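Engineer: Heads up: the sequence shown at position 43 corresponds to 292 in the numbering used here, and the numbers run straight through without jumps. Sharing a structure, written as structure tokens. Questions coming.
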Amino acid sequence: MKTLRFISAGLFAVLLSFTFAACGGDDEEDGTNDGPGNEQPETGITKRLKQYSYTETSGEDAGYSYVMTFKYDEAGKIERIEKYTSDNDESWSEAYDYYWDGNTIEEYNDDYHKMTYRIGAIDNLVSSAKYHDYYYNDNNAKISFTYNTSGQLTSYTEVIYDETDKYSFKWNGDKVVELREEESEYPEYNSTIKFTYGNKKCSGYYPNAGEFVDFSPITLVHPELFGCKINNLPTKANYFYDIYGEVGVNNFTHEFDQDGYVIKLKGNGWMYHEDDLEKHELNYEYNYVWE
């Protein structure tokens, strides 16, 4: 089950197969640094995401952070992702290596697991994934994906032993307006996120869209394979648990480089904690480096 903190940190962006052509924004969004590049829809500049970092800036988990760096091959396909995490009192690192072979991608997370992705020959979207755990030496986790006729992700289902989790996406044009999580083991913790948008768009794509499909960091650099490559920017998210009702609100602001690529996201709001059902402040920041 996703934790609320992870969802709140990873929400935003919303899923559609766009080209890499740059695009501009329209009406001004409060608290947003537009940057000169946000008015350049014809630049034709294509950049790759080289670094992705997250920091909690206040609250009881202030100081928690991680940084991911990305290495690509000559064709622009991801080869390696390195992640360094710091949680105040401790820190650790891990790496993901990728091997491409036709319509198959193999992902190795150090010595812990192997994930095999199958890509459809016609639509070029990932249709399924299979997980192998080296520690337990089993293959009991599988993921399947469904898309609409526009190539947008509408759901994915994780099956682990006899447990099934389903994640569904409701679209309004090129915006995801609702994300729904349903669990077989703990149905009382089924949850929903509802999104509000302004008129802002970014060049390239919005990296946090990959956080919706949160089982692997490959979605951050190849969202086009998972139907989640978008450039609309949400301004607000409301979070709900079926058992409690509304449990959180987050607001988002963004900053851009001169070419219109988003380089910073700031989130602020509150979330209920299950241990005390009290509101807790949540403020965090994402930073992105493009080349």
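Cβ coordinates follow ideal geometry from the N, Cα and C atoms, glycine included. All figures in this text were calculated on a predicted structure; none of them were measured in a lab.
Tell me whether the region 403–417 and the region 465–472 touch, counting them as touching only if at least three CB pairs, one residue from each stretch, are closer than 8 Å.
Structural biologist: Cβ pair count under 8 Å is below three, so no.
Engineer: Using the Cβ count rule (16 or more neighbours within 10 Å means buried), how would you classify N480?
Structural biologist: Here residue 480 corresponds to residue number 231 of the sequence shown, with the count starting at 1. Buried, since its Cβ has 16 or more Cβ neighbours within 10 Å.
Engineer: Which first and last residues belong to the beta strand (DSSP E) in which T306 is found?
Structural biologist: To locate residue 306, count along the sequence shown from 1; it is residue 57. That run of the beta strand (DSSP E) goes 298–307.
Engineer: Tell me whether D506 is buried or exposed, calling it buried when 16 or more other Cβ atoms sit within 10 Å of its Cβ.
Structural biologist: On the sequence shown, residue 506 is found 257 positions in, with the first residue counted as 1. Looking at its Cβ environment, which holds 16 or more other Cβ atoms inside 10 Å, D506 is buried.
Engineer: The ligand NAP and K485: does the residue's C-beta get closer than 8 Å to at least one heavy atom of that ligand?
Structural biologist: In the structure on display, the ligand NAP does not appear, and there are no ligands present to speak of.
Engineer: Could you compute how far the alpha carbon of G497 sits from the alpha carbon of E323?
Structural biologist: Taking the first residue of the sequence shown as 1, we reach residue 497 at position 248. Taking the first residue of the sequence shown as 1, we reach residue 323 at position 74. Cα to Cα, the separation comes out at about 43 Å.
Engineer: Check the DSSP bridge columns for I327 and list the partner residues they point to.
Structural biologist: Position 78 of the sequence shown, counted from the start, is the residue given in the question as residue 327. I327 is bridged to Y321.
Engineer: Smallest Cα separation from E305: which of G325, E473, T334?
Structural biologist: As a position in the sequence shown, residue 305 is number 56, starting the count at 1. Ranking G325, E473, T334 by Cα distance to E305 puts T334 first.
Engineer: Which one of Y303, K299, G494, E434 has the shortest CA to CA distance from Y535?
Structural biologist: Taking the sequence shown and counting its residues from 1, one reaches residue 535 at position 286. When only C-alpha atoms are compared, the closest one is Y303.
Engineer: How about G518 and E530: do their beta carbons lie closer than 9 Å?
Structural biologist: To locate residue 518, count along the sequence shown from 1; it is residue 269. To locate residue 530, count along the sequence shown from 1; it is residue 281. In contact: G518 and E530 (Cβ atoms closer than 9 Å).
Engineer: Kindly indicate which residue of T484, H362, T353, G369 has the alpha-carbon position closest to the one of Y345.
Structural biologist: In the sequence shown, residue 345 corresponds to position 96, counting from 1. The residue with the shortest Cα to Cα distance from Y345 is H362.
Engineer: Measure the alpha-carbon distance for L402 versus S393 and round it to whole angstroms.
Structural biologist: Residue 402 sits at position 153 when you count from the first residue of the sequence shown. Residue 393 sits at position 144 when you count from the first residue of the sequence shown. Answer to the nearest angstrom: the Cα atoms are 11 Å apart.
Engineer: Take S440 and list the residues in its own chain whose beta-carbon comes closer than 6 Å to its own, dropping the five residues that flank it on each side.
Structural biologist: Against the sequence shown, residue 440 aligns to sequence position 191. Cβ neighbours of S440 beyond the five flanking positions: E430, Y490.
Engineer: Does DSSP put P483 in a helix, a strand or coil?
Structural biologist: For the purposes of this step, residue 483 is identified with residue 234 of the sequence shown, where counting begins at 1. Strand.
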